[in-house]
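Chemist:
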Amino acid sequence: MRWAFVVYKRHLFLFVSRLWSVFCCVFRKQTQAITQYQSVKYDIVPLSPLSKYRLCTLRRKVMVLDLDETLIHSVHDGTLRPTVRPGTPPDFVLKVDIDHHPVRFSVHKRPHVDFFLNVISQWYELVIYTASLEIYGAGVTEHLDNGRRILQRRFYRQHCTYDNGSYSKNLSLITSDLASIFILDNSPGAYRSYPAFCR
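If you count by mature numbering (1 follows the signal peptide of the UniProt record, and there is no 0), then the sequence shown holds residues -24 to -1, 1 to 175, one letter each, in order.
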């Protein structure tokens, strides 16, 4: 009799623990779904009058931004293995003709890229420098700029040098004062002529 009670207790404990596991799993999934779609709000702290004055008196530094895999990720129609989760809608679609063939790009912005561009455009002169074709790069940049006129200076593949199977970017086209340049690019090899910039 005592043995039967111990077996009953053990089965009851296993049942309750499995029920608890199922409850925790369902609760965790619902919590993830809720937090996944919560919007992020940033507090923008205004600059002090002294900081504003200092920024006005100093010459602005230059922030050189790459497009693909830095500010955006795009997939074109001919991609065999899409790198975006199926069903994820693009932020915008860009249709261009490359070598007389229509190509459709589904473009995904990096999360919070618009906020990032708004903030850093107050402190830096922004320059787009991409190894992409101009017809594609100009279209993507227009969408990112969205009429704000913060991405006015642009350099494309024709401004790059083809070297050892990849494109390198010539920073002297942007400014002669290389000490005033910051670079945000996923490919440090694009600046191999400037090893001091690659960190």
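Cβ atoms here follow ideal geometry from the backbone N, Cα and C, with glycine treated the same way.
Pull up the CB-CB distance for HIS52 and PHE81, whole angstroms please, since I reckon it's below 8 angstroms.
Modeler: Right, the Cβ-Cβ distance comes to about 5 angstroms (below 8 angstroms), so this counts as a contact.
Chemist: I think GLU110 touches ARG133, with their Cβ atoms under 8 angstroms apart; what is that distance to the nearest whole Å?
Modeler: Yes, GLU110 and ARG133 are in contact; Cβ-Cβ is about 7 angstroms, under 8 angstroms.
Chemist: Leaving aside the five residues before and after TYR100 along the sequence, list all residues of the same chain whose C-beta is less than 8 angstroms from its C-beta, in chain order.
Modeler: These residues qualify, in order along the chain: ARG36, LYS37, VAL38, MET39, PHE158.
Chemist: Would HIS49 and HIS84 be called neighbours here (beta carbons separated by less than 7 angstroms)?
Modeler: Contact: yes.
Chemist: Give me whichever residues DSSP pairs with GLU101 in a beta bridge.
Modeler: Answer by DSSP bridge pairing, in chain order: VAL38.
Chemist: Do the CB positions of LEU147 and LEU154 come within less than 7 angstroms of each other?
Modeler: Yes, they are a contact pair.
Chemist: Tell me where the alpha helix (DSSP H) around LEU26 begins and ends.
Modeler: Looking at the DSSP string, the run of the alpha helix (DSSP H) that includes LEU26 is 25 to 33.
Chemist: Report buried or exposed for ILE20, applying the criterion of at least 16 other Cβ atoms within 10 angstroms of its Cβ.
Modeler: So ILE20 ends up on the exposed side.
Chemist: Count the other CB atoms within 10 Å of the CB of CYS(-1); is the residue buried (16 or more) or exposed (fewer)?
Modeler: Classification for CYS(-1): exposed.
Chemist: Helix, strand or coil for ARG129? Go by DSSP, reduced to three states.
Modeler: It is a strand residue.
Chemist: May I ask you to report which of helix, strand or coil DSSP gives HIS88?
Modeler: Here HIS88 sits in coil by DSSP.
Chemist: Keeping to the same chain, check which residues put their C-beta closer than 8 angstroms to that of GLY54; ignore five residues upstream and five downstream.
Modeler: If we look at GLY54 and ignore the five residues flanking it on each side, its Cβ neighbours are VAL79.
Chemist: Rounded C-beta distance between ILE104 and LEU127? I'm assuming under 8 angstroms.
Modeler: At roughly 6 angstroms, the Cβ-Cβ gap stays under 8 angstroms, so ILE104 and LEU127 are in contact.
Chemist: The alpha helix (DSSP H) with HIS119 in it runs from where to where?
Modeler: Taken as a continuous stretch (DSSP letters only), the alpha helix (DSSP H) holding HIS119 covers 110 to 121.
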